[in-house]
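Right, one structure below, let's go through it.
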Amino acid sequence: MKSITRQKPFDEVKQLSESFNRIFLVGCGTCATVTKTGGIDEVRVMKESLQDEGKLVTGWVVIPTACDEMTAEVAGENARAVQDAQCIIVMACALGVQRIDSYLNKPVIPALDTLFIGLEKSPGQYVEACAQCGQCILGETAGICPLTACHKGLLNGPCGGTNKGKCEVDKEKDCAFTLIYERLKEQGRLDLMRKYHPPKNYQVIPRPRMTSLL
Amino acid sequence: MVSKFKQALDSGKFVITSEIGPPKGTDLEKMNHHIALLKDKVDALNVTDHQSSVMRFPSIGGCLAIQEMNGEAVLQMTCRDRNRIALQADLLLAYSKGVRNVLCLTGDAVPVGDHGAAKGIFDLDSVQLLHLIRQLEAGTDLGGNKLEGAVQFCAGATVTPEAEPLEPQLIKFEKKIEAGAEFFQTQAIYDLERFAKFMEYARQFSVKILAGIVLLSSARMAKFMTENVPGIFVPQNLIDELAKAPKGGALKKGIEIAGRTIAAIKKESLCDGVHIMAINREEVVPDILAAAGL
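Protein sequences, first through last, are from chains G and S. Start counting at 1 in the first sequence, then tack on 107, and there's your number in this note's numbering. Start counting at 1 in the second sequence, then tack on 451, and there's your number in this note's numbering.
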């Protein structure tokens with residue numbers, strides 16, 4: 108699992124697309140299909156909703172993986188319908204939106220909000236797993252990332268808000284450091300919790316982040 | 452020069468600190484009144500740093516007012532609102548203006564306060580902030596650059612003796628000591644037997660411990676705290692005692708309980724002193740001290 112998304116309220120999509128009458132719709136067959144935010148079923152519902160608003164949907168497609176390069180090809184296969192549209196509504200994460208935007212010279216409107224990069228914990232329940240900090244510390248924290256799992260992203264242990272294993276921000280959320288402590292204790296590696304973590308480098312790659320892997 | 456507060460801590464006397472909550476706005480009359488009322492009755496006065504993530508007049512502003520009135524200020528400094536550049540700059544300012552004591556805190560979470568959509572910074576944590584102070588004292592900033600004029604602070608931190616689970620809290624307590632914490636102000640304590648157990652452990656370290664005394668103003672407040680505030684345990688007998696107080700007399704009972712707790716801590720030499728938090732009722736701190744026989 109990668110990008111966890113949530114559908115924008117339809118009113119927001121309506122407002123963003125109010126000056127366009129002819130619309131092409133794009134969904135994504137990967138993350139947005141699993142999260143039921145931009146798969147075939149959701150794209151069909153969106154098509155009907157837009158038609159109910161008097162819009163003309165010139166066509167729609169669910170691209171297997173909207174963020175990869177095949178997107179150009181899929182766009183080509185739908186050239187006519189895309190050509191007829193005044194804008195593209197994309198039901199994919201921000202990566203898909205940007206990929207599509209880079210191939211088509213048309214206004215692109217996101218129908219989803221990208222929430223986080225996460226894992227499915229139990230069916231339909233998603234949890235953020237990585238803040239993409241550029242300097243992974245999971246090897247010292249029993250595989251639990253305090254940057255994402257701790258509300259404050261602390262590195263040296265729990266704050267005073269830790270409460271019977273839960274977080275002060277939300278009683279439903281676990282305290283990352285209680286989890287880390289329990290896991291390290293079980294593994295006989297509590298010495299790792301005693302280790303001082305110096306201030307983190309938040310500029311491993313200054314934004315905008317880019318890298319060449321050649 | 453060693454701060455007056457540090458001298459008090461090292462003197463072996465029973466140290467008393469309290470705290471001032473700055474106003475939301477620029478009318479400083481009430482804050483200045485509280486400072487004038489308390490500054491000579493305690494060894495030092497903390498000034499809270501946007502406590503509970505509620506935006507207020509800044510801690511440094513309150514500390515300067517205390518210094519101007521010849522009081523001894525403890526600058527509360529959280530990591531919530533400033534990155535490492537701003538934290539260092541504020542420490543330079545504080546030192547240049549005569550503030551010599553800093554309490555290093557993580558800071559409450561942003562969503563619990565009155566600017567819930569703000570960005571929480573937490574560029575450093577409380578342990579790293581303590582390290583930072585020691586580095587500034589050694590004459591270089593966090594970037595390794597030489598300072599023109601260093602700082603010298605008596606640096607402290609907090610600990611929650613009633614935290615559950617306790618061990619991760621104690622591991623962090625020890626990390627704070629290794630990072631250079633000289634004193635600790637604890638989260639509110641009400642059960643002295645349980646506190647004595649914590650002190651048995653804490654005594655092995657050469658740091659000063661000031662027990663946190665939070666004024667209970669009603670049975671409802673006591674019940675709320677024990678049920679909702681992380682790391683606070685109010686025994687049922689205290690809640691009952693407050694509930695039985697005559698109508699309008701709960702605050703008086705709370706003052707009596709706080710005074711009695713302080714007196715017992717002092718009598719049994721449980722720790723090195725107390726930190727009295729009367730949250731929004733600073734004017735009753737002298738009554739608490741009187742009830743404690745101090």
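Glycine residues also receive a C-beta, built at the ideal position from the N, C-alpha and C atoms. The structure displayed is predicted, hence computed values, not measured ones.
Measuring CB to CB, does residue i end up less than 7 Å from residue j?
i	j	result
G134 of chain G	G146 of chain G	yes
V525 of chain S	F604 of chain S	no
N497 of chain S	Q527 of chain S	yes
A601 of chain S	G590 of chain S	yes
V150 of chain G	V169 of chain G	yes
A670 of chain S	A694 of chain S	yes
A218 of chain G	K115 of chain G	yes
T144 of chain G	T178 of chain G	no
A673 of chain S	I690 of chain S	yes
I706 of chain S	V735 of chain S	yes
L581 of chain S	A630 of chain S	yes
V197 of chain G	V215 of chain G	yes
C252 of chain G	L245 of chain G	yes
Q620 of chain S	L661 of chain S	no
V466 of chain S	G724 of chain S	yes
G578 of chain S	K627 of chain S	Reading off the sequence, residue 578 of chain S comes out as Val, not Gly. Yes.
T234 of chain G	H258 of chain G	Note on residue identity: the sequence assigns Val, not Thr, to residue 234 of chain G. No, the pair does not count as a contact, with Cβ atoms beyond the cut-off.
Starting from the beta carbon of residue i, find every residue of chain G whose beta carbon is closer than 9 Å, and list them in chain order.
i	result
T591 of chain S	In chain order: nothing, as chain G lies at least about 14 Å away.
G682 of chain S	G267, G268, T269 and N270
Name the residue from the options whose alpha carbon lies nearest to the alpha carbon of residue i.
i	options	result
D576 of chain S	S:L544, S:G590 and S:N534	S:N534
E184 of chain G	G:L211, G:I224 and G:M198	G:L211
M300 of chain G	G:K259, G:E247, G:A256 and G:I251	G:E247
A647 of chain S	S:A608, S:R671, S:P612 and S:F624	S:P612
S209 of chain G	G:L222, G:I195, G:L219 and G:A218	G:I195
Y652 of chain S	S:M506, S:L721, S:P474 and S:D574	S:L721
T468 of chain S	S:K718, S:I713 and S:E719	S:I713
H485 of chain S	S:G595, S:K623 and S:P473	S:P473
L502 of chain S	S:K698, S:T557, S:A459 and S:Q687	Reading off the sequence, residue 502 of chain S comes out as Gln, not Leu. Among S:K698, S:T557, S:A459 and S:Q687, the Cα nearest to that of Q502 of chain S is on S:T557.
C555 of chain S	S:N688, S:I471 and S:L538	S:L538
G231 of chain G	G:T142, G:T137 and G:I130	G:T142
C240 of chain G	S:D592, S:Q586, S:L621 and S:D574	S:D574
K623 of chain S	G:R290, G:P265, G:G272 and G:D277	G:P265
R825 of chain S	S:I730, S:A632 and S:I716	Because chain S in this structure spans residues 452 to 745, residue 825 of chain S falls outside the shown range and cannot be described.
F495 of chain S	S:A459, S:S504, S:V505 and S:K464	In the sequence as presented, Phe is not what sits at residue 495 of chain S; that position holds Ala. Nearest C-alpha to A495 of chain S: S:A459.
D175 of chain G	G:C200, G:G225 and G:G250	G:C200
By DSSP, does residue i sit in helix, in strand, or in coil?
i	result
G485 of chain S	First, the residue type needs correcting, since residue 485 of chain S is His and not Gly in the sequence shown. In the structure shown, H485 of chain S sits in a helix (DSSP, three-state: H, G or I).
S110 of chain G	strand
C200 of chain G	coil
E160 of chain G	coil
C514 of chain S	helix
Q655 of chain S	coil
K115 of chain G	coil
L211 of chain G	coil
S720 of chain S	coil
C330 of chain G	A query on residue 330 of chain G cannot be resolved here, the shown segment of chain G reaching from 108 to 321 and no further.
P619 of chain S	helix
N688 of chain S	helix
I708 of chain S	helix
T285 of chain G	helix
I312 of chain G	coil
N185 of chain G	coil
So residue i contacts chain S; which residues on that side make the cut at Cβ distance below 8 Å?
i	result
P313 of chain G	The contacting residues do not exist; P313 of chain G stays about 14 Å from chain S at best.
M300 of chain G	P619 and I622
Under 9 Å Cβ-Cβ, which residues of chain S neighbour residue i?
i	result
E160 of chain G	None at all; the shortest Cβ gap to chain S is about 31 Å.
P305 of chain G	Q579 and H582
Looking at residue i and the ligand GTP, is the gap between the Cβ and the nearest heavy atom below 6 Å?
i	result
D500 of chain S	Questions concerning the ligand GTP fall outside what the structure shown contains, since it holds no ligand whatsoever.
Using the beta-carbon of each residue, which ones in chain S are nearer than 7 Å to residue i?
i	result
F284 of chain G	P619
Point to revise | chain A contacts from the stretch 266-280 of chain G (Cβ-Cβ distance under 9 Å) | key: Looking at the structure shown, chain A is missing, and the protein chains on hand are G and S.
**Study point:** Unbroken stretches of the beta strand (DSSP E), 3 residues or longer, contained in the stretch 582-607 of chain S
**Key:** none
**Study point:** Length-filtered (3 minimum) beta strand (DSSP E) runs lying within the stretch 220-275 of chain G
**Key:** 232-235
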